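Asks: Below is one structure. I have some questions about it.
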Amino acid sequence: MIEVTNLTKRYGRATAVDGISFTVQKGEILGFLGPNGAGKTTTMRILTCYLPATEGTARVAGYDVFEQPLEVKKRIGYIPETPPLYIDMDVRTFLDFVAKIKGVPKSVRKSKIDDAIEKCRIGDVRDKLIGKLSKGYRQRVGLAQAILGGPDVLILDEPTAGLDPKQIIETRELIKSLGGEHTIVLSTHILPEVSMTCGRVVIIAKGKVVAEDTPDNLMHRLRGAGGLRVEARGDQTQLEGLLQRVPGVARVAARSAAAGIAAFEIEATAGQDVRAETARAVVQGGFDLVGLQQVGMSLEEIFLHLTTVDTADAATAPAATPPPEPEPAAPPSEEAQ
Amino acid sequence: MTSLRNIAAIVEKEWRHYFGSPIAYVAICMWALLFGFFFNFAVEFFLRQSLAMSQQMEMGGGPKLSMNEYLIRPVMQNMAVVALFILPMLTMRLFAEEKRTGTIELLATSPITDWQIVIGKFLGALSLYMVMILVGMINVAVLWRFASSPPEWKPVLTGVLALLLVGGSFISMGLFLSTLTRNQIVAGVLGFGMALVFWIFSWFDQPTADAWQKVVAYLGITTHMEELSKGVIDVKDIVFYLSFIGFGLFLAEQSVESQRWRA
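Protein sequence lines, in the order shown, are assigned to chains Y and C.
Just so we're aligned, residue 1290 is where the first sequence starts under the working numbering, counting upward by one.
Just so we're aligned, residue 57 is where the second sequence starts under the working numbering, counting upward by one.
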């Protein structure tokens, strides 16, 4: 449905998007993940024909965004980061206007608008001025505007930014329910969002694609770098020494736990499964093993892992001083589960 | 067909904005008030002159004063200057506001061309201006009801046409200037300043003007309403106004399009 080939966008000398390629199948929800300034918005703006690309091509539903922008625009629903709303219009009037410029035929206009209002659950504010709506409602009106007329492709730029947790959950549910019917590309810098809503993830940093996979696979690929949480009753320092001697264990880090329980997170050398050895060592050492748990790397960590490598390299190259030991900045991953 | 429908949608949106906010009412009220003032002055002046004339007549001289020439024409010319003040305030937000609030992104990613947006916005402002002219013309209509010998209607119509074309030129220019910035005040000041400049150009329209002054005077927006407000339709004047408006719209479209390339 969407084919992006070698897309590049330069603003003067700064390169915002640097040779990005990816494809999105029909009905798929693709997560576009990256830190702020990674080039997500620029890529989306090119896809929606708002900006021209410097190099490369993008095709939506078979139409080139540069050659046939009108055909592309007819098939796309788009919400920019801040939903573009006329705050002095009421919701119905606004949707009516959008339906008109999207060329929704008069005979079905009313039913399409009602449809969008119902899907985005904004029926109770349909006669209110948009300027008087809360942020959450505005976001939903923006979404209603995007799905109006049933476009094949939905492009959502940070659809949950600035919402409260309840609204975020609702918006995610809504986006999920729209998948299948529409092909969706959504951008975010919030990781759990991707694993919750998207079938596939493209991670971009500094204008480049650094990884592309399903959320599960991405986690699996980096499983080797994941940890093992060990909890046992007994002396903390003794246990630490014991764990460090287990073959295949690369690093041991103390973790907080309930009183009387010593907890550690073990990092194995890549690809090695140390669970059996660890359990045996703990029991044989005379400790009561009370917990052994594989902690998969959360997307949050993958994200940091993937996007910080590049920056660290870049930062150390010109500097003569050795880089500081990279401390894992991510919180213990069980919190993300 | 689609293009007409899109333009109509933009016009309707602009109307909703103008009439959904105090803008349209304030503009129409101020216009009506000033039209009334100038008309009132003109009527008083005309009556005094007529009285003087009729006294001369009794002594055997003096022609009958033309209402078109001495009453309606000065009012139209004054109102062209009022338009110079009011219209930049109607046009300053047309693009600047859309750019500031980000709604330009909605328009730009909808299946609608830049030309349709520009023309829709132009017609939206122009049609509001037409309403203003119509409201003002109530004053003139009173003459038909109460004057002993009503004015000729043809020069009145060409006067209205002149007012419309002058206003259209200001709107087209203001529309273009509004595409240059996301700040409404900047757009407004630019629009007002440029309108003033093109108005001042007509001051060079003197019998003693040299070649350069004639060129400058030719560019003056109100220079070309002289003949029209007398009831003379000169193709040259109409062409001037239409090309002025067309050029403004062209620049606006180019500006909207190019900003995406530069962004």
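Just so you know, even glycine gets a beta-carbon here, dropped at the ideal spot from N, CA and C.
Here the structure is a predicted model, which is why all the values come from computation and not from measurement.
1. Within its chain, find whatever has a CB closer than 8 Å to the CB of residue 1568/Y; leave out the 5 residues flanking it on each side and keep chain order.
2. Quick check: the Cα distance between residue 1379/Y and residue 70/C, rounded to an integer number of angstroms?
3. Output needed for residue 1564/Y: all residues of its chain with C-beta closer than 8 Å, excluding positions within five of it in sequence on either side, in chain order.
4. If you check the beta carbons only, do residue 1472/Y and residue 1446/Y fall under 8 Å apart?
5. Where residue 1542/Y and residue 1552/Y are concerned, what is the direct C-alpha to C-alpha distance, given to the nearest angstrom?
6. Within the same chain, show all residues whose beta-carbon is closer than 7 Å to that of residue 153/C, passing over the 5 residues directly before and after it, in chain order.
7. Quick check on residue 239/C: does DSSP put it in helix, strand or coil?
8. Assuming residue 1501/Y and residue 1491/Y are in contact, meaning their beta carbons sit under 8 Å apart, how far apart are those beta carbons, in whole angstroms?
9. Suppose the cutoff is 8 Å on Cβ atoms and the five residues either side in sequence are ignored; what does the same chain contact list for residue 1525/Y look like?
10. Are the C-beta of residue 1611/Y and some C-beta of chain C separated by less than 8 Å?
11. Can you list the alpha helix (DSSP H) stretches of 4 or more residues lying completely in the stretch 1357-1423 of chain Y, in chain order?
12. Pick out whichever of 1335/Y, 1305/Y, 1479/Y, 1546/Y has its Cα sitting closest to the Cα of residue 1367/Y.
13. Under 8 Å, Cβ to Cβ, is there at least one residue of chain Y near residue 237/C?
14. Where residue 1479/Y and residue 246/C are concerned, what is the direct C-alpha to C-alpha distance, given to the nearest angstrom?
15. How many whole angstroms separate the CB atoms of residue 1345/Y and residue 1294/Y, which I take to be in contact at a CB cut-off of 8 Å?
16. Assuming residue 280/C contacts residue 296/C (C-beta within less than 8 Å), just tell me the rounded distance between them.
17. If you draw a straight line from the alpha carbon of residue 185/C to that of residue 1461/Y, how long is it in whole angstroms?
18. For residue 1362/Y and chain C, any beta-carbon pair shorter than 8 Å?
19. Can you give me the C-alpha to C-alpha distance between residue 1340/Y and residue 1331/Y, rounded to a whole angstrom?
20. Taking only beta-carbon atoms, is residue 61/C less than 8 Å away from chain Y?
21. So, at 8 Å on beta carbons, what are the nonlocal neighbours of residue 121/C in its own chain, with the 5 sequence-adjacent residues on each side left out?
22. I need the DSSP call for residue 1295/Y, collapsed to helix, strand or coil.
23. Under DSSP, the alpha helix (DSSP H) around residue 283/C begins and ends at which residues?
24. What are the start and end residues of the alpha helix (DSSP H) that includes residue 1494/Y?
25. Counting only the same chain and skipping the five closest in sequence on each side, list residues whose C-beta sits under 6 Å from that of residue 1298/Y.
26. Quick check on this structure: which residue in 1310/Y, 1291/Y, 1315/Y has the alpha carbon closest to the alpha carbon of residue 1470/Y?
27. Keeping to the same chain, check which residues put their C-beta closer than 8 Å to that of residue 191/C; ignore five residues upstream and five downstream.
28. If we count the other Cβ atoms within 10 Å of its Cβ and call it buried at 16 or more, is residue 210/C buried or exposed?
29. Spell out the partners DSSP gives residue 1320/Y in its beta bridges.
30. Check whether the stretch 120-134 of chain C and the stretch 201-208 of chain C touch, using three or more Cβ-Cβ pairs below 8 Å as the test.
31. Please identify, using Cβ separations under 9 Å, the residues of the stretch 150-167 of chain C that lie next to chain Y, in order along the chain.
32. Round the Cβ separation of residue 68/C and residue 170/C to the nearest angstrom and send it over; I've been treating them as touching at under 8 Å.
33. Where residue 1430/Y and residue 139/C are concerned, what is the direct C-alpha to C-alpha distance, given to the nearest angstrom?
34. Starting from the N-terminal side, write out each stretch of the alpha helix (DSSP H) that is 4 residues or longer and does not extend beyond the stretch 132-178 of chain C.
35. Just the Cα atoms here: how many angstroms apart are residue 1451/Y and residue 1413/Y?
36. Is there at least one Cβ from chain Y nearer than 8 Å to residue 48/C's Cβ?
Replies: Reading from the atomic positions:
1. The sequence position of residue 1568/Y within the first sequence is 279, counting from 1. In chain order, 1578, 1581 place their CB closer than 8 Å to the CB of residue 1568/Y, counting only its own chain and leaving out the 5 sequence neighbours on each side.
2. What you label residue 1379/Y is simply residue 90 of the first sequence in a count that begins at 1. What you label residue 70/C is simply residue 14 of the second sequence in a count that begins at 1. Near 14 Å, if we compare the C-alpha coordinates of residue 70/C and residue 1379/Y.
3. On the first sequence, position 275 is the one that residue 1564/Y refers to. If we look at residue 1564/Y and ignore the five residues flanking it on each side, its Cβ neighbours are 1517, 1581, 1583.
4. Taking the first residue of the first sequence as 1, we reach residue 1472/Y at position 183. Taking the first residue of the first sequence as 1, we reach residue 1446/Y at position 157. Judged by their CB atoms, residue 1472/Y and residue 1446/Y are not nearer to each other than the 8 Å cut-off.
5. Numbered from 1 along the first sequence, position 253 holds the residue referred to as residue 1542/Y. Numbered from 1 along the first sequence, position 263 holds the residue referred to as residue 1552/Y. The straight-line gap from Cα to Cα measures roughly 9 Å.
6. Here residue 153/C refers to the residue found at position 97 when the second sequence is read from its first residue. Here the set comprises 240.
7. Here the question's residue 239/C lines up with position 183 in the second sequence. For residue 239/C, the secondary structure class from DSSP, reduced to helix, strand or coil, is coil.
8. Residue numbering aside, residue 1501/Y sits at position 212 when the first sequence is read from its first letter. Residue numbering aside, residue 1491/Y sits at position 202 when the first sequence is read from its first letter. Going by Cβ atoms, the distance from residue 1501/Y to residue 1491/Y rounds to 5 Å, so yes, they are a contact pair.
9. Locating residue 1525/Y in the first sequence gives position 236, counting from the first residue. Within the same chain, residue 1525/Y has close Cβ partners 1543, 1551.
10. For this step, residue 1611/Y is matched to residue 322 along the first sequence. Per-residue confidence for residue 1611/Y stands at a pLDDT of 42, beneath the threshold of 50, marking its modelled position as unreliable; the derived number appears in the next sentence. So no, residue 1611/Y is outside the interface.
11. Listed in chain order, the complete alpha helix (DSSP H) runs (minimum 4 residues) inside the stretch 1357-1423 of chain Y are 1358-1363, 1380-1390, 1395-1408.
12. What you label residue 1367/Y is simply residue 78 of the first sequence in a count that begins at 1. Nearest of 1335/Y, 1305/Y, 1479/Y, 1546/Y to residue 1367/Y, Cα basis: 1335/Y.
13. By one-based count along the second sequence, residue 237/C stands at place 181. By this cut-off, residue 237/C is not an interface position.
14. Position 190 of the first sequence, counted from the start, is the residue given in the question as residue 1479/Y. Position 190 of the second sequence, counted from the start, is the residue given in the question as residue 246/C. C-alpha separation (whole angstroms): 43 Å.
15. Here the question's residue 1345/Y lines up with position 56 in the first sequence. Here the question's residue 1294/Y lines up with position 5 in the first sequence. Confirmed, Cβ separation roughly 6 Å.
16. Here residue 280/C refers to the residue found at position 224 of the second sequence. Here residue 296/C refers to the residue found at position 240 of the second sequence. Between residue 280/C and residue 296/C the beta-carbon gap is near 5 Å, inside 8 Å, which marks them as a contact.
17. What you label residue 185/C is simply residue 129 of the second sequence in a count that begins at 1. What you label residue 1461/Y is simply residue 172 of the first sequence in a count that begins at 1. Within the model, the alpha-carbon separation for residue 185/C versus residue 1461/Y is close to 47 Å.
18. As a first step, residue 1362/Y is located in the first sequence; it is residue number 73 there, counting from the start. Interface residue, yes.
19. For the purposes of this step, residue 1340/Y is identified with residue 51 of the first sequence, where counting begins at 1. For the purposes of this step, residue 1331/Y is identified with residue 42 of the first sequence, where counting begins at 1. Straight-line Cα distance between these residues: approximately 8 Å.
20. Sequence index remark: in the second sequence, residue 61/C carries index 5 (1-based). At a cut-off of 8 Å between C-beta atoms, residue 61/C counts as an interface residue with respect to chain Y.
21. Position 65 of the second sequence, counted from the first residue, corresponds to residue 121/C. Taken in chain order, the residues that qualify are 102, 105, 106, 109.
22. Here residue 1295/Y corresponds to residue number 6 of the first sequence, with the count starting at 1. The answer is strand: DSSP assigns residue 1295/Y an E or B state.
23. In the second sequence, the residue the question calls residue 283/C occupies position 227. Segment 281-286, the alpha helix (DSSP H) holding residue 283/C.
24. As a first step, residue 1494/Y is located in the first sequence; it is residue number 205 there, counting from the start. Segment 1489-1494 is the beta strand (DSSP E) holding residue 1494/Y; no alpha helix (DSSP H) there.
25. Within the first sequence, numbered from 1, the residue matching residue 1298/Y stands at position 9. Cβ within range, chain order: 1305, 1306, 1331, 1342, 1343.
26. Numbered from its first residue, the first sequence carries residue 1470/Y at position 181. Ranking 1310/Y, 1291/Y, 1315/Y by Cα distance to residue 1470/Y puts 1315/Y first.
27. Indexing the second sequence from 1 puts residue 191/C at position 135. 84, 87, 88, 91, listed in sequence order.
28. Numbered from 1 along the second sequence, position 154 holds the residue referred to as residue 210/C. It is exposed - the Cβ of residue 210/C has fewer than 16 other Cβ atoms within 10 Å.
29. Counting from one through the first sequence, the residue named residue 1320/Y turns up at place 31. Paired residues: 1475/Y, 1490/Y.
30. The stretch 120-134 of chain C is in contact with the stretch 201-208 of chain C.
31. When CB distances to chain Y are screened at a threshold of 9 Å, the residues of the stretch 150-167 of chain C falling below it are 154, 157, 158, 159, 160, 161, 162, 163, 164, 165, 166, 167, in chain order.
32. The count along the second sequence starts at 1 and reaches residue 68/C at position 12. The count along the second sequence starts at 1 and reaches residue 170/C at position 114. In this structure, residue 68/C and residue 170/C do not form a Cβ contact; the two beta carbons are roughly 18 Å apart against a cut-off of 8 Å.
33. As a working mapping, residue 1430/Y is identified with position 141 in the first sequence. As a working mapping, residue 139/C is identified with position 83 in the second sequence. The C-alpha of residue 139/C is placed about 38 Å away from the C-alpha of residue 1430/Y.
34. With a minimum length of 4 residues, the continuous alpha helix (DSSP H) runs that stay inside the stretch 132-178 of chain C are 149-157, 159-164.
35. Indexing the first sequence from 1 puts residue 1451/Y at position 162. Indexing the first sequence from 1 puts residue 1413/Y at position 124. If you draw a straight line from the Cα of residue 1451/Y to the Cα of residue 1413/Y, it is about 22 Å long.
36. Absent from the model: residue 48/C. The displayed extent of chain C is 57 to 319, so no value can be given.
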